[in-house]
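Under my numbering, think of the first position of the sequence shown as 1465, with each following residue one higher.
Just so you know, even glycine gets a beta-carbon here, dropped at the ideal spot from N, CA and C.
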Amino acid sequence: MIEERIERTFETGATAEVEISNVVGSIEVQGWDQPEVQIIAVKRGNDGDATVEIGSAGKRVWARTHTARRFQHLFRWLRRNNEDVTVDYTVCVPHASTVSVNGISGPIHIAEVHQGASVDSVDGHILLEDLAGEIAANTVESSVEGDGLAGTLDVETIAGYVELSDSQLSRLHAKSVDGSIRAAGQIDNLLAEAVNGTVHLTSSLNPEGRYVVKTVNGRFRLAVPDETACEVRAAGMNLTVRCDLPHRIEEKRWGRWAGQVNDGGGAQVEFDTVNGKLIITSAEARGETTEESQATATSEEPMPATPEAADHGEAVPPEDEAPEVPSAITRMDILKAVERGEIDVEDALEKLQRLNEPAE
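Next up, the structure:
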(Lines of atoms letter the chains of each structure in order from A and count residues from 1; the text may use other names and numbers.)
(Lines give C-alpha, C1' and ligand atoms only; values in the text may rest on other atoms or scores of the structure.)
Protein backbone atom coordinates (compact mmCIF):
# COMPACT_ATOMS: atom_id res chain seq x y z
CA MET A 1 0.00 0.00 0.00
CA ILE A 2 1.28 3.44 -0.95
CA GLU A 3 1.16 6.29 1.60
CA GLU A 4 1.75 9.91 0.64
CA ARG A 5 1.76 12.91 3.01
CA ILE A 6 1.14 16.43 1.72
CA GLU A 7 1.48 19.47 4.00
CA ARG A 8 0.86 23.12 3.12
CA THR A 9 0.60 26.30 5.21
CA PHE A 10 -0.95 29.61 4.09
CA GLU A 11 -0.72 33.01 5.78
CA THR A 12 -4.27 34.41 5.98
CA GLY A 13 -4.38 36.74 8.95
CA ALA A 14 -6.94 36.36 11.73
CA THR A 15 -9.76 35.30 9.39
CA ALA A 16 -10.03 32.80 6.57
CA GLU A 17 -12.52 31.05 4.31
CA VAL A 18 -11.68 27.36 4.14
CA GLU A 19 -13.17 24.69 1.88
CA ILE A 20 -12.42 20.97 2.19
CA SER A 21 -13.85 18.42 -0.26
CA ASN A 22 -13.12 14.70 0.07
CA VAL A 23 -14.29 11.40 -1.41
CA VAL A 24 -13.27 8.71 1.09
CA GLY A 25 -11.52 9.44 4.38
CA SER A 26 -11.75 11.52 7.53
CA ILE A 27 -11.79 15.31 7.80
CA GLU A 28 -10.62 17.01 10.99
CA VAL A 29 -10.85 20.82 11.25
CA GLN A 30 -9.56 22.53 14.40
CA GLY A 31 -9.54 26.23 15.22
CA TRP A 32 -6.31 27.70 16.59
CA ASP A 33 -4.72 31.04 17.52
CA GLN A 34 -2.31 31.23 14.57
CA PRO A 35 -2.95 33.68 11.66
CA GLU A 36 -2.58 30.90 9.13
CA VAL A 37 -4.21 27.79 7.71
CA GLN A 38 -2.35 24.50 7.86
CA ILE A 39 -3.51 21.51 5.79
CA ILE A 40 -2.12 18.00 6.12
CA ALA A 41 -3.43 15.37 3.70
CA VAL A 42 -2.44 11.72 4.01
CA LYS A 43 -3.32 9.56 1.00
CA ARG A 44 -3.30 5.78 1.36
CA GLY A 45 -4.03 3.15 -1.27
CA ASN A 46 -3.21 2.09 -4.79
CA ASP A 47 -5.43 4.37 -6.84
CA GLY A 48 -3.12 6.38 -9.08
CA ASP A 49 -6.07 8.39 -10.38
CA ALA A 50 -6.65 10.07 -7.00
CA THR A 51 -5.01 13.47 -6.59
CA VAL A 52 -5.08 16.11 -3.87
CA GLU A 53 -5.39 19.76 -4.85
CA ILE A 54 -4.45 22.36 -2.24
CA GLY A 55 -4.45 26.07 -3.03
CA SER A 56 -5.25 29.59 -1.88
CA ALA A 57 -6.36 32.99 -3.13
CA GLY A 58 -6.14 35.75 -0.54
CA LYS A 59 -8.02 34.63 2.55
CA ARG A 60 -9.64 31.74 0.69
CA VAL A 61 -7.99 28.33 1.11
CA TRP A 62 -9.11 24.99 -0.28
CA ALA A 63 -8.20 21.32 -0.36
CA ARG A 64 -9.93 18.90 -2.71
CA THR A 65 -9.65 15.23 -3.51
CA HIS A 66 -10.04 14.47 -7.21
CA THR A 67 -10.52 11.05 -8.74
CA ALA A 68 -11.68 9.97 -12.16
CA ARG A 69 -13.75 7.35 -10.38
CA ARG A 70 -15.55 9.66 -7.95
CA PHE A 71 -18.97 8.38 -8.97
CA GLN A 72 -17.71 4.79 -8.68
CA HIS A 73 -16.79 5.57 -5.08
CA LEU A 74 -20.36 6.67 -4.51
CA PHE A 75 -21.73 3.45 -6.04
CA ARG A 76 -19.35 1.38 -3.94
CA TRP A 77 -20.63 3.11 -0.85
CA LEU A 78 -24.17 2.34 -1.93
CA ARG A 79 -23.21 -1.33 -2.21
CA ARG A 80 -21.11 -1.18 0.98
CA ASN A 81 -17.90 -2.30 -0.77
CA ASN A 82 -14.45 -1.38 0.54
CA GLU A 83 -12.61 1.50 -1.10
CA ASP A 84 -9.10 1.14 -2.48
CA VAL A 85 -7.96 4.67 -1.69
CA THR A 86 -8.48 7.06 1.23
CA VAL A 87 -7.39 10.61 1.97
CA ASP A 88 -7.42 11.85 5.57
CA TYR A 89 -7.33 15.62 6.13
CA THR A 90 -6.14 17.41 9.27
CA VAL A 91 -6.73 21.16 9.01
CA CYS A 92 -5.98 23.99 11.44
CA VAL A 93 -7.67 27.36 10.86
CA PRO A 94 -7.89 30.70 12.70
CA HIS A 95 -10.79 30.71 15.16
CA ALA A 96 -12.49 33.55 13.24
CA SER A 97 -12.87 31.49 10.07
CA THR A 98 -15.75 30.16 8.05
CA VAL A 99 -15.49 26.52 7.05
CA SER A 100 -17.20 24.47 4.33
CA VAL A 101 -16.72 20.69 4.32
CA ASN A 102 -18.00 18.10 1.86
CA GLY A 103 -17.43 14.35 1.97
CA ILE A 104 -18.91 11.15 0.57
CA SER A 105 -17.62 8.55 3.04
CA GLY A 106 -15.77 9.21 6.28
CA PRO A 107 -16.17 10.91 9.68
CA ILE A 108 -16.09 14.71 9.94
CA HIS A 109 -15.09 16.67 13.05
CA ILE A 110 -15.05 20.47 13.30
CA ALA A 111 -14.10 22.29 16.52
CA GLU A 112 -13.53 25.85 17.76
CA VAL A 113 -14.52 27.72 14.61
CA HIS A 114 -16.47 30.89 15.37
CA GLN A 115 -17.63 32.44 12.09
CA GLY A 116 -19.86 29.67 10.79
CA ALA A 117 -19.53 26.19 9.34
CA SER A 118 -21.36 24.03 6.81
CA VAL A 119 -21.03 20.26 6.41
CA ASP A 120 -22.42 17.94 3.74
CA SER A 121 -21.83 14.19 3.98
CA VAL A 122 -23.28 11.05 2.45
CA ASP A 123 -21.98 8.46 4.91
CA GLY A 124 -19.92 9.75 7.78
CA HIS A 125 -20.58 10.67 11.40
CA ILE A 126 -20.54 14.44 11.93
CA LEU A 127 -19.25 15.88 15.21
CA LEU A 128 -19.42 19.64 15.82
CA GLU A 129 -17.88 21.18 18.94
CA ASP A 130 -17.61 24.76 20.17
CA LEU A 131 -18.81 26.38 16.95
CA ALA A 132 -20.47 29.78 16.54
CA GLY A 133 -22.26 31.64 13.77
CA GLU A 134 -24.45 30.17 11.06
CA ILE A 135 -24.04 26.39 11.22
CA ALA A 136 -25.46 23.79 8.84
CA ALA A 137 -25.03 20.01 8.69
CA ASN A 138 -26.55 17.55 6.23
CA THR A 139 -26.01 13.81 5.99
CA VAL A 140 -27.74 10.91 4.28
CA GLU A 141 -26.64 7.78 6.10
CA SER A 142 -25.25 8.90 9.44
CA SER A 143 -25.82 10.97 12.56
CA VAL A 144 -24.96 14.47 13.74
CA GLU A 145 -23.72 15.37 17.22
CA GLY A 146 -23.09 18.87 18.50
CA ASP A 147 -21.76 20.28 21.76
CA GLY A 148 -21.27 23.88 22.77
CA LEU A 149 -22.86 25.36 19.65
CA ALA A 150 -23.91 29.03 19.47
CA GLY A 151 -25.78 30.98 16.82
CA THR A 152 -28.17 29.24 14.42
CA LEU A 153 -28.24 25.62 13.29
CA ASP A 154 -29.89 23.87 10.35
CA VAL A 155 -29.40 20.10 10.48
CA GLU A 156 -30.82 17.29 8.35
CA THR A 157 -30.34 13.53 8.32
CA ILE A 158 -32.16 10.68 6.62
CA ALA A 159 -30.99 7.56 8.45
CA GLY A 160 -29.46 8.82 11.68
CA TYR A 161 -30.04 10.76 14.87
CA VAL A 162 -29.37 14.36 15.86
CA GLU A 163 -28.05 15.01 19.36
CA LEU A 164 -27.11 18.44 20.71
CA SER A 165 -25.84 19.30 24.18
CA ASP A 166 -24.93 22.49 26.02
CA SER A 167 -25.88 24.65 23.04
CA GLN A 168 -27.09 28.26 22.96
CA LEU A 169 -29.04 28.66 19.73
CA SER A 170 -31.26 31.54 18.68
CA ARG A 171 -32.79 29.20 16.10
CA LEU A 172 -32.70 25.44 15.56
CA HIS A 173 -34.19 23.76 12.49
CA ALA A 174 -33.76 19.98 12.60
CA LYS A 175 -35.07 17.29 10.24
CA SER A 176 -34.85 13.51 10.41
CA VAL A 177 -36.55 10.71 8.51
CA ASP A 178 -35.61 7.71 10.63
CA GLY A 179 -34.00 8.83 13.87
CA SER A 180 -34.47 10.85 17.02
CA ILE A 181 -33.78 14.55 17.52
CA ARG A 182 -32.46 15.59 20.94
CA ALA A 183 -31.41 19.06 22.00
CA ALA A 184 -30.36 20.45 25.37
CA GLY A 185 -29.19 23.91 26.39
CA GLN A 186 -30.88 27.21 25.56
CA ILE A 187 -32.91 27.01 22.37
CA ASP A 188 -34.79 30.25 21.63
CA ASN A 189 -36.78 29.04 18.60
CA LEU A 190 -37.33 25.52 17.30
CA LEU A 191 -38.67 23.83 14.19
CA ALA A 192 -38.20 20.05 14.35
CA GLU A 193 -39.56 17.65 11.75
CA ALA A 194 -39.38 13.86 12.04
CA VAL A 195 -41.07 11.13 10.03
CA ASN A 196 -40.32 8.16 12.27
CA GLY A 197 -38.59 9.33 15.42
CA THR A 198 -38.97 11.17 18.70
CA VAL A 199 -38.08 14.78 19.45
CA HIS A 200 -36.65 15.65 22.87
CA LEU A 201 -36.04 19.25 23.94
CA THR A 202 -34.58 20.19 27.32
CA SER A 203 -34.38 23.97 27.54
CA SER A 204 -35.65 27.12 29.14
CA LEU A 205 -38.18 28.64 26.77
CA ASN A 206 -37.75 32.06 25.23
CA PRO A 207 -40.91 34.00 26.26
CA GLU A 208 -41.08 35.38 22.71
CA GLY A 209 -40.06 32.14 21.08
CA ARG A 210 -41.96 29.61 19.00
CA TYR A 211 -41.40 25.87 19.33
CA VAL A 212 -42.92 23.82 16.52
CA VAL A 213 -42.58 20.05 16.25
CA LYS A 214 -44.03 17.96 13.42
CA THR A 215 -43.95 14.16 13.34
CA VAL A 216 -45.62 11.43 11.36
CA ASN A 217 -44.99 8.65 13.85
CA GLY A 218 -43.18 10.01 16.88
CA ARG A 219 -43.36 11.75 20.24
CA PHE A 220 -42.39 15.21 21.40
CA ARG A 221 -40.95 15.37 24.92
CA LEU A 222 -40.46 18.89 26.27
CA ALA A 223 -38.57 19.28 29.56
CA VAL A 224 -38.57 22.80 31.01
CA PRO A 225 -38.00 24.54 34.37
CA ASP A 226 -40.94 24.12 36.76
CA GLU A 227 -42.02 27.77 36.57
CA THR A 228 -42.15 27.90 32.76
CA ALA A 229 -45.28 29.52 31.33
CA CYS A 230 -46.35 28.77 27.78
CA GLU A 231 -49.29 28.35 25.42
CA VAL A 232 -49.67 24.86 23.98
CA ARG A 233 -51.49 23.67 20.87
CA ALA A 234 -51.47 20.05 19.65
CA ALA A 235 -53.17 18.32 16.74
CA GLY A 236 -53.10 14.77 15.40
CA MET A 237 -55.12 11.81 14.21
CA ASN A 238 -53.92 9.62 17.08
CA LEU A 239 -52.86 12.14 19.70
CA THR A 240 -52.13 11.82 23.41
CA VAL A 241 -51.06 14.65 25.71
CA ARG A 242 -49.44 14.43 29.13
CA CYS A 243 -48.49 17.48 31.18
CA ASP A 244 -46.70 17.10 34.52
CA LEU A 245 -46.70 20.84 35.28
CA PRO A 246 -49.66 22.93 36.51
CA HIS A 247 -51.89 23.61 33.51
CA ARG A 248 -55.37 24.53 32.39
CA ILE A 249 -57.04 22.81 29.44
CA GLU A 250 -58.71 25.18 26.99
CA GLU A 251 -59.67 22.65 24.32
CA LYS A 252 -59.86 18.88 24.27
CA ARG A 253 -61.59 17.13 21.41
CA TRP A 254 -60.84 14.59 18.73
CA GLY A 255 -57.53 15.44 17.12
CA ARG A 256 -56.96 18.65 19.08
CA TRP A 257 -55.67 19.76 22.46
CA ALA A 258 -54.95 23.27 23.72
CA GLY A 259 -53.94 24.56 27.11
CA GLN A 260 -51.94 26.96 29.22
CA VAL A 261 -49.02 25.89 31.38
CA ASN A 262 -48.50 27.89 34.58
CA ASP A 263 -51.26 30.37 33.65
CA GLY A 264 -50.06 30.70 30.07
CA GLY A 265 -48.45 33.56 28.23
CA GLY A 266 -44.88 33.43 27.03
CA ALA A 267 -43.63 30.92 24.49
CA GLN A 268 -45.81 29.26 21.87
CA VAL A 269 -45.54 25.45 21.73
CA GLU A 270 -47.09 23.59 18.79
CA PHE A 271 -47.17 19.86 18.09
CA ASP A 272 -48.55 18.43 14.85
CA THR A 273 -48.58 14.64 14.39
CA VAL A 274 -50.30 11.72 12.74
CA ASN A 275 -49.53 9.23 15.49
CA GLY A 276 -47.75 10.72 18.48
CA LYS A 277 -47.69 11.88 22.06
CA LEU A 278 -46.84 15.25 23.59
CA ILE A 279 -45.16 15.12 27.01
CA ILE A 280 -44.45 18.31 28.96
CA THR A 281 -42.42 17.63 32.05
CA SER A 282 -39.96 19.15 34.51
CA ALA A 283 -36.32 19.54 33.56
CA GLU A 284 -35.49 19.75 37.26
CA ALA A 285 -36.60 16.22 38.13
CA ARG A 286 -33.75 13.92 39.07
CA GLY A 287 -33.20 11.09 36.65
CA GLU A 288 -35.49 9.78 33.96
CA THR A 289 -38.87 8.90 35.44
CA THR A 290 -40.83 6.24 33.62
CA GLU A 291 -44.29 7.06 32.40
CA GLU A 292 -45.70 4.09 34.27
CA SER A 293 -44.45 5.36 37.62
CA GLN A 294 -46.02 8.77 36.96
CA ALA A 295 -49.32 7.50 35.64
CA THR A 296 -51.22 8.20 38.85
CA ALA A 297 -49.57 11.53 39.56
CA THR A 298 -49.79 13.28 36.21
CA SER A 299 -52.43 14.35 33.75
CA GLU A 300 -52.83 11.94 30.84
CA GLU A 301 -55.01 13.47 28.14
CA PRO A 302 -55.80 10.98 25.34
CA MET A 303 -58.02 12.42 22.66
CA PRO A 304 -61.32 10.73 21.80
CA ALA A 305 -60.75 8.18 19.04
CA THR A 306 -63.33 9.77 16.70
CA PRO A 307 -65.58 12.82 16.67
CA GLU A 308 -68.46 10.49 17.61
CA ALA A 309 -66.47 9.12 20.52
CA ALA A 310 -65.97 12.64 21.78
CA ASP A 311 -69.75 12.93 22.10
CA HIS A 312 -70.22 9.56 23.79
CA GLY A 313 -67.14 9.43 26.00
CA GLU A 314 -65.59 6.39 24.31
CA ALA A 315 -61.99 5.53 25.17
CA VAL A 316 -59.11 5.95 22.75
CA PRO A 317 -57.35 2.71 21.72
CA PRO A 318 -54.11 1.92 23.61
CA GLU A 319 -50.98 3.45 22.11
CA ASP A 320 -49.49 0.07 21.27
CA GLU A 321 -52.43 -0.58 18.96
CA ALA A 322 -51.85 2.59 16.96
CA PRO A 323 -51.10 1.97 13.29
CA GLU A 324 -47.56 2.49 12.17
CA VAL A 325 -46.99 5.00 9.39
CA PRO A 326 -44.55 3.68 6.79
CA SER A 327 -42.12 5.85 4.87
CA ALA A 328 -43.55 6.87 1.50
CA ILE A 329 -40.38 6.06 -0.45
CA THR A 330 -37.23 4.06 0.13
CA ARG A 331 -33.62 4.87 -0.59
CA MET A 332 -33.37 1.66 -2.60
CA ASP A 333 -35.87 2.99 -5.16
CA ILE A 334 -33.55 5.90 -5.86
CA LEU A 335 -30.38 3.82 -5.92
CA LYS A 336 -31.88 1.35 -8.39
CA ALA A 337 -32.94 4.25 -10.61
CA VAL A 338 -29.31 5.40 -10.71
CA GLU A 339 -28.05 1.96 -11.66
CA ARG A 340 -30.65 1.75 -14.44
CA GLY A 341 -29.41 5.09 -15.78
CA GLU A 342 -32.73 6.83 -15.24
CA ILE A 343 -31.19 9.60 -13.11
CA ASP A 344 -27.64 10.83 -12.59
CA VAL A 345 -25.70 10.91 -9.34
CA GLU A 346 -26.40 14.57 -8.57
CA ASP A 347 -30.13 14.00 -8.99
CA ALA A 348 -29.87 10.91 -6.79
CA LEU A 349 -28.20 12.83 -3.97
CA GLU A 350 -30.83 15.56 -4.20
CA LYS A 351 -33.64 13.00 -4.06
CA LEU A 352 -32.01 11.22 -1.12
CA GLN A 353 -31.90 14.49 0.82
CA ARG A 354 -35.53 15.21 -0.03
CA LEU A 355 -36.54 12.00 1.72
CA ASN A 356 -36.28 13.85 5.02
CA GLU A 357 -39.23 16.03 4.13
CA PRO A 358 -42.42 14.54 5.63
CA ALA A 359 -45.11 13.81 3.07
CA GLU A 360 -48.11 16.10 3.15
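1489 is the residue among 1471, 1489, 1572 and 1687 whose C-alpha sits nearest the C-alpha of residue 1508. In chain order, 1465, 1466, 1548 and 1549 place their CB closer than 8 Å to the CB of residue 1510, counting only its own chain and leaving out the 5 sequence neighbours on each side. For residue 1630, the enclosing beta strand (DSSP E) covers residues 1626 to 1640. In the structure shown, residue 1682 adopts coil according to DSSP, grouped into three states.
Using a 10 angstroms sphere on the CB of residue 1646, the tally of other CB atoms reaches 16 or more, which defines it as buried. The alpha-carbon separation between residue 1561 and residue 1596 amounts to approximately 10 Å. Burial of residue 1527 is indicated by the presence of at least 16 other C-beta atoms within 10 angstroms of its C-beta. Shown here for residue 1710: same chain residues with a beta carbon closer than 6 Å to its own, the five before and five after excluded, namely 1726 in chain order. By the Cβ test, the stretch 1742 to 1749 is in contact with the stretch 1703 to 1717, since at least three Cβ pairs between them sit closer than 8 Å. The Cβ atoms of residue 1677 and residue 1663 lie closer than 7 Å to each other. Taking the CA atoms as reference points, residue 1683 sits about 38 Å from residue 1559. Residues of the same chain with a CB within less than 6 Å of the CB of residue 1635, apart from the 5 flanking positions on each side, are 1616 and 1653 in chain order. When secondary structure is reduced to three states using DSSP, residue 1465 falls in the coil class, being assigned neither helix nor strand. Contact between residue 1479 and residue 1579 holds: CB atoms are separated by about 7 Å, below the 8 Å threshold. Separation of residue 1472 and residue 1492 (C-alpha to C-alpha, rounded to the nearest whole angstrom) is 15 Å. A distance below 6 Å between beta-carbons, with the five flanking residues on each side excluded, links residue 1518 to the following residues of its chain, in chain order: 1472, 1503 and 1527. If the five residues before and after residue 1627 are omitted, its C-beta is found closer than 6 Å to the C-beta atoms of 1609 and 1646, all from its own chain and listed in chain order.
With 16 or more neighbouring CB atoms inside 10 Å of its own CB, residue 1661 falls in the buried class. Distance from the CA of residue 1573 to the CA of residue 1718, rounded to the nearest whole angstrom, comes to 46 Å.
Taking residue 1736 as the centre and dropping the five residues before and after it, the same chain places the C-beta of 1678 and 1699 closer than 6 Å to its C-beta, in chain order.
Where residue 1666 is concerned, the enclosing beta strand (DSSP E) starts and stops at 1663 to 1668. Excluding residues up to 5 positions away in sequence, 1528, 1529 and 1566 lie with their Cβ nearer than 7 Å to the Cβ of residue 1485 in the same chain. Going by beta carbons, residue 1593 and residue 1611 fall inside the 7 Å limit. Between residue 1656 and residue 1506, the alpha-carbon positions lie close to 38 Å from each other.
Setting aside the 5 residues that flank it on each side, residue 1715 is surrounded in the same chain by 1722, each with a C-beta closer than 6 Å to its C-beta; the list follows chain order. Separation of residue 1702 and residue 1739 (C-alpha to C-alpha, rounded to the nearest whole angstrom) is 5 Å.
Put simply, the backbone Cα of residue 1607 is about 13 Å away from that of residue 1569. Residue 1468 is classed as exposed because its beta carbon has fewer than 16 other beta carbons within 10 Å across all chains shown.
In this structure, residue 1501 places its C-beta atom within 7 Å of the C-beta atom of residue 1482.
For residue 1558, the secondary structure class from DSSP, reduced to helix, strand or coil, is strand. Counted as a single uninterrupted DSSP element, the beta strand (DSSP E) harbouring residue 1723 occupies residues 1720 to 1725. Membership of residue 1650 in the beta strand (DSSP E) is indicated by the continuous run 1645 to 1651. The beta-bridge partner set that DSSP reports for residue 1621 consists of 1603 and 1640. Between residue 1624 and residue 1571, the alpha-carbon positions lie close to 14 Å from each other. Less than 7 Å separates the beta-carbon of residue 1693 from that of residue 1730. In the structure shown, residue 1502 falls within a strand segment according to DSSP collapsed to helix, strand and coil.
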